[in-house]
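To start, the structure under review is shown below, and the notes come after it.
Number of protein chains: 2
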Amino acid sequence: MRYSAKHKAETRQKLIEKAGALAKKDGFATTGVDGLMSTVGLTGGAFYSHFSSKNELLLEIIRQELKKSQDLLETNLSNHNIEPFLNLYLSQLHLNFPALGCALPSLTTEVGRADAEVKQAFSEGLARIHQILNTQLSNPQMAWATIAMTVGAVNLARALPAGERQQALLTACQNMILAMAKN
Amino acid sequence: MRYSAKHKAETRQKLIEKAGALAKKDGFATTGVDGLMSTVGLTGGAFYSHFSSKNELLLEIIRQELKKSQDLLETNLSNHNIEPFLNLYLSQLHLNFPALGCALPSLTTEVGRADAEVKQAFSEGLARIHQILNTQLSNPQMAWATIAMTVGAVNLARALPAGERQQALLTACQNMILAMAKN
DNA sequence: GTCTATACATTGATAGAC
DNA sequence: GTCTATCAATGTATAGAC
Chain A
7 MRYSAKHKAE
17 TRQKLIEKAG
27 ALAKKDGFAT
37 TGVDGLMSTV
47 GLTGGAFYSH
57 FSSKNELLLE
67 IIRQELKKSQ
77 DLLETNLSNH
87 NIEPFLNLYL
97 SQLHLNFPAL
107 GCALPSLTTE
117 VGRADAEVKQ
127 AFSEGLARIH
137 QILNTQLSNP
147 QMAWATIAMT
157 VGAVNLARAL
167 PAGERQQALL
177 TACQNMILAM
187 AKN
Chain B
7 MRYSAKHKAE
17 TRQKLIEKAG
27 ALAKKDGFAT
37 TGVDGLMSTV
47 GLTGGAFYSH
57 FSSKNELLLE
67 IIRQELKKSQ
77 DLLETNLSNH
87 NIEPFLNLYL
97 SQLHLNFPAL
107 GCALPSLTTE
117 VGRADAEVKQ
127 AFSEGLARIH
137 QILNTQLSNP
147 QMAWATIAMT
157 VGAVNLARAL
167 PAGERQQALL
177 TACQNMILAM
187 AKN
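Residue numbers (our numbering), protein chains in the order written: chain A, 7 to 189; chain B, 7 to 189.
Following this line, the structure appears as structure tokens:
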């Protein structure tokens, strides 16, 4: 072969990362194959030597993005104190740069419309996130509630114009999670 | 004119409702003009005698869908008891029929990518929902937290395969909201 | 492995007949 | 107000040259 297996693996990896960022920013459905390939300096046809279909790409995006979320969660979570994590997750920075942020607020809705294989990968990634959070909180139900509230809050806040209402929503969710954690 | 103003208004209304249902089910971006028009027995070109663009349609969908959510919320909420509402909102029925359900889990992510006008309409609709919930709960922060958690829970649950994990998430959110409401 | 070329469907939107 | 026809652009995917 004219290109090494290593080169192929690197290209594939680069594609998954670029596609993940584009999908988190603009949505997976509206991220076109040609546009994606051109961001790594390749042409559209080459896509299919790395993935059998767009759906396989989505599967890999979900796997790797949720892995990244797990790592970030572990990094910012310690000593049964979730406040540092909340400050980051519910920040303006996270709202304003979805391409760099957690996949859950950006891609969950589209996963809900995807096939069973994608949902299964999503389920496994989410389970691990729940597991990590659970080690730091009082009980499993608290962990699920925290995930749902933070993901919902970021999603809703992004759909609001920057301003008082947006901030009130974020602050309220932060306060209520911290209040829950104290019981 | 060959068609009455009443006829035109009815057609427009029918389009907004159909498009809302399709967008909640499949996403707004992937809902095509031709496909939409054919569901009401018209052809694609006629769309633009009712809306100046797809964006104007999205604006109307958000306005009317959030109004519907407000009405449903008022109907199922009474006497400072949110349990009946939670039973409905976090039900398998709501998960499985997004076209008939609340617009928030389905359309919020896309509103986050829409223009300022759409976000403004979303903000006003969400404010009213918060207001309604706030009259039945102990404080405004509780109302925001409840909205974020329920919307997040439905969104996440739809992205999971039906099963234990999905049910654990729903049950946990329901329990935690009820526990919050008691304080 | 990546290229170009292509097939074919579908997108949002416009023009002009009726 | 709705039709048909059409536009340019873009969508996913495949075939064959290099």
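All residues carry an ideal CB built from backbone N, CA and C; glycine is no exception.
At a CB-CB cut-off below 7 Å, which residues of chain B make contact with A/A133? R171
Secondary structure of B/S75, DSSP reduced to three states: helix
If contact is defined by three or more beta carbon pairs under 8 Å, each pair taking one atom from either stretch, is the stretch 110-117 of chain B in contact with the stretch 68-86 of chain B? yes
Shorter than 7 Å from the beta carbon of A/G41 to some beta carbon of chain B? no
Element boundaries [alpha helix (DSSP H), containing A/L184]: 170-187
Could you tell me which chain B residues have their CB closer than 9 Å to the CB of A/P146, listed as they occur along the chain? A174, A178
Does B/N87 come out as helix, strand or coil in the three-state DSSP assignment? strand
Taking all protein chains shown into account, decide if A/V157 is buried (16 or more other Cβ within 10 angstroms of its Cβ) or exposed. buried
Are the beta-carbon atoms of B/P104 and B/K31 separated by less than 7 Å? yes
The stretch 11-20 of chain A / the stretch 42-57 of chain A touching (three or more Cβ pairs under 8 Å): yes
Given that A/D212 touches chain B, what residues does it touch there, using C-beta distances under 8 Å? Nothing can be reported for residue 212 of chain A, as the shown portion of chain A is limited to 7 through 189.
Can you name, in chain order, every residue of its own chain whose Cβ lies under 6 Å from the Cβ of B/R131, other than the five neighbours on each side? The displayed chain sequence assigns Gly, not Arg, to residue 131 of chain B. Same-chain partners within the cutoff: L72.
Work out the CA separation of A/E66 and A/I22 for me, nearest whole Å. 7 Å
For A/T141, decide whether its Cβ has a neighbour in chain B, counting only Cβ atoms nearer than 7 Å. no
If you follow the alpha helix (DSSP H) that B/R119 is in, where does it begin and where does it stop? No alpha helix (DSSP H) contains B/R119, which DSSP labels as neither H nor E.
Given this structure, state the Cα-to-Cα distance separating B/F91 from A/A11, to the nearest angstrom. 55 Å
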